[in-house]
Structures are given as C-alpha cells and as structure tokens.
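**Q** Each residue of the sequence shown is one higher than the last, beginning at 10 in the numbering used here. For each residue, glycine too, the CB sits at the ideal point set by N, CA and C. The structure displayed is predicted, hence computed values, not measured ones. Please read through the structure below; I'll follow up with questions.
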Amino acid sequence: MEVQQTAAPIRGAEEAKQKIVFSGVQPSGKLTLGNYLGAIGNWVGMQQDYRCIFSVMNLHSITVRQDPAALRRQTLEVLAQYIACGIDPAKSLLFIQGHVSAHAELAWILNCYTMFGELSRMTQFKDKSKQHADNVNAGLFTYPVLMAADILLYHTDLVPVGQDQKQHVEIARDIAERFNGVYGDVFTIPEPMIVRSGAKIMSLADPTKKMSKSDPNQNAYVLLTDKPEDILRKFKRAVTDSGSEIRRGEDKPGVNNLINIYCAATGSTPEQVEQQFVGKGYGDFKMAVGEAVVEVLRPVREKTEDLLKNKDYLEQVYTEGAFQAARLADRTLEKVYKKVGFLAKPKR
Ligand code: TRP
C-alpha cells in the first residue's frame, strides 16, 4: 500500500478556506462501539466538507497509570481503527500526539494563562480524581490545557466531541480569548461540534452510565475488535427496563439506549424502530440490535486486523502525519514564542 501525500489536500484546503476540524481519542484501552457511533464514525463524513486532522492522544492517556506495552499496542491499534472506520490518510491528517513536540510545549505556555480556579471546576477532573483517588496528579489537573494546545495549534474551527468533552472545548475557547486579549489575534476561537444521535452510547449493563472501555464489567461495552458471537451475547444480556414494549420513555434508559444504538447502526429513526417492533418482545429486539451491530462492525474489525498485520504501512502513515502536523504546529508555536517574548528557536 502506498501512503498518499497529505500535504496537497491540506494546502488545497487552505486556499479553499475550508474550516478546520480537529479531534482525537485516547489510546487508553480498546475502542468501543460508543467511540465508533459517537465519534469516529461521524468523522468519516466530515472529510468531504472540512480539512480534518485526527490524532491519537497518547499524551493524555498517562494522566491515568498505563501499562507501557499495552499503551504502545493500543496506540497503533487506534490508528489502524481510524483508518478501518473510513478515515482516509489521503484526505485527512493522521498523527500520534506524542510525535509532535509542539503539543507539550504550547501546553506549558498555556498553563501560565489558565487559572487554578477554572481548572478546579472541570467536572471530568472532579470525577477522575474521585475514581483515581490514589493518583490525583498534576497532569490530571492540567489535562484541559494540553487539550487546548492540541486544538489551538492547528487554528481549529470545529471540534467534534461528545457531550462530556464540551466543557474542555469551552475552556480552550476561554484560554484562547484570554491570550488573544493580551497579544492580539494569535489563536482561532474553536467551537464544539456535538454530534447528533450516536452522541451518547450508554453501558449495556447500566444504561444510566456512559459506555466506557474502563468499565470493570466486560458485558457493559462492545469493543470494535469483538467477535460476532461476543457481540450477540453482550446484547442478549443487555439490561432492559420494566414493561415489555419497544418504546422510548423517560423511565426506560435501557430501551432508549438500545433504540439509539439500533438507529445509529441502521440509519433508522426512533419512530421507525418503534413501528417495526410493535408486538415484539425485548428478546427479539435485543437480537436485532446485536445483529445490526455485528454487521456494522464486521468490516471495521476485518480491516483493523489486516492493517495491524501491515505495520510498515501504519508506520508510514504516522511518520508522514507527524511531519505534516509538526510543520503546521511549529508555525503556531513560533508565533506564540514571539508574542510572549521568547527568543525564536535556533534553526539548523
Ligand atoms: N479529551 C478527549 C477525550 O477523552 C480526547 C482529546 C484530547 C481531544 N485532545 C483533544 C478531543 C482535542 C478533541 C480535541 O475524549
């Protein structure tokens, strides 16, 4: 397989004044159906209309303790899964966050323009410091600042994220506005782009919680690498609600979640689903959802397996990506250096 030059479409985008999209997921585990329906799957279509940059956020991952070998493996796997889901390295810029040093460098600078108080109010920080009470490290606290650096380095206009990350995009805006207020127009002010239906896929074991790969209960989530029989088993066991009708309701988090997943997997509307399953029970419906998900994930899993057998190709993609990303990011960092009063970095 040949790696296409990403530089050409990116330069073309600049001329066409296309909006810039930046997003990424952490390789802190295996990706779930939630990551696919709520994030990566939605990025695929954006490649037509925007200049897209997608990164594997490994620097963020170590705010929680990781096994080094697993982190390395998952980083490559997430990159493979981006491509398997339909992110095209010829159209989008794909890279691994830790390969572009400007992220860490800008994060340091932005730290000095971010207030202790505003970071203390971040709900994810409050939640994670409860979850990992034995490791409330400074990185966990300044996590949103690194995320702001990710976004601001590329003059990002739009950041597709789940509802849970909206607050982080908002603080990135606040930091950018504060910085621009002092130094003039350096950063583009980004906007969160909250994706519609699939935005929040809930746990199959407790549909009041978000589907998460860090859930200790393996039946709570479906992985993109799960085999069809595992997927079907997990849906068969999915928690439903009292009653027996396939109908949405405020007091029916389990059924709502399954309907939502079925819609995201098949493209149906909730009304169509309710219509289609009139007179059917939860058992039938859970099987149908499981089968729909199996069909959606089958090509993703197969393509991922193929890509992971071709490490040279993946290495070419991330090498070229790192080079292209650094070129863009360094330009922004250079400007920031100048504004804050640092001597420009010597060039070789
Ligand atoms: N914090 C995001 C998450 O956990 C991942 C992320 C890091 C990100 N940097 C980003 C997402 C920049 C969008 C833009 O989902």
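(1) Using C-beta distances below 8 Å, list every residue in its chain close to Glu283, excluding the 5 sequence neighbours before and after it, in chain order.
(2) Does the region 23-42 come close enough to the region 157-172 that 3 or more CB-CB pairs lie under 8 Å?
(3) Does the Cβ of Leu342 have 16 or more other Cβ atoms within 10 Å, making it buried, or fewer, making it exposed?
(4) Taking the C-alpha atoms as reference points, what is the distance between Leu316 and Gly126?
(5) In or out: Asp235 buried (at least 16 other Cβ within 10 Å) or exposed?
(6) Taking only three categories from DSSP, how would you classify Lys292?
(7) Please state if the CB of Leu233 and the CB of Arg310 are separated by a distance shorter than 8 Å.
(8) Helix, strand or coil: which one does DSSP assign to Cys121?
(9) Comparing C-alpha positions only, which one of Lys356, Gly350, Lys354, Gln27 sits nearest to Tyr192?
(10) Using the three-state DSSP reduction, which class does Glu200 fall into: helix, strand or coil?
(11) Closest to Lys175 by CA distance: which of Pro153, Phe196, Ala185 is it?
(12) Name the residue from Tyr230, Ala274, Ile96, Asp260 whose alpha carbon lies nearest to the alpha carbon of Val326.
(13) Does at least one heavy atom of the ligand TRP sit under 7 Å from the Cβ of His177?
(14) If you draw a straight line from the C-alpha of Asn146 to the C-alpha of Ser138, how long is it?
(15) So Leu337 packs on Tyr91, CB below 8 Å; how close in whole Å?
(16) Just tell me which of Phe63, Ser253, Val204 has its CA closest to the CA of Val287.
(17) Is any heavy atom of the ligand TRP found at a distance shorter than 7 Å from the C-beta of Gly330?
(18) Can you name the start and end residues of the beta strand (DSSP E) that Gln169 belongs to?
(19) Please name the residue in Lys348, Cys272, Asp215 whose C-alpha comes closest to that of Asn189.
(20) Gly50: buried (16+ other C-beta within 10 angstroms of its C-beta) or exposed?
(21) Classify Gly95 as helix, strand or coil using the three-state DSSP reduction.
(22) Quick one: is Gln359 buried, meaning 16 or more other Cβ sit within 10 Å of its Cβ, or exposed?
(23) Let's test the definition: count the other Cβ atoms within 10 Å of the Cβ of Cys121 and tell me whether it reaches 16, buried, or not, exposed.
(24) Quick one: what does DSSP say Phe244 is sitting in, helix, strand or coil?
**A** The short version:
(1) Ile255, Arg256, Arg257, Ile268
(2) yes
(3) buried
(4) 44 Å
(5) buried
(6) Sequence inspection shows Gly at residue 292; the Lys mentioned does not correspond to that position. Correct three-state label for Gly292: helix.
(7) yes
(8) coil
(9) Gly350
(10) strand
(11) Pro153
(12) Ile96
(13) yes
(14) 9 Å
(15) That belief does not hold up - the Cβ atoms of Leu337 and Tyr91 are roughly 18 Å apart, past 8 Å.
(16) Ser253
(17) no
(18) It is Pro, not Gln, that sits at residue 169 in the sequence shown. Start and end: 167-170.
(19) Lys348
(20) buried
(21) coil
(22) This structure cannot settle anything about residue 359, because the visible part of the chain is limited to 10 through 357.
(23) exposed
(24) helix
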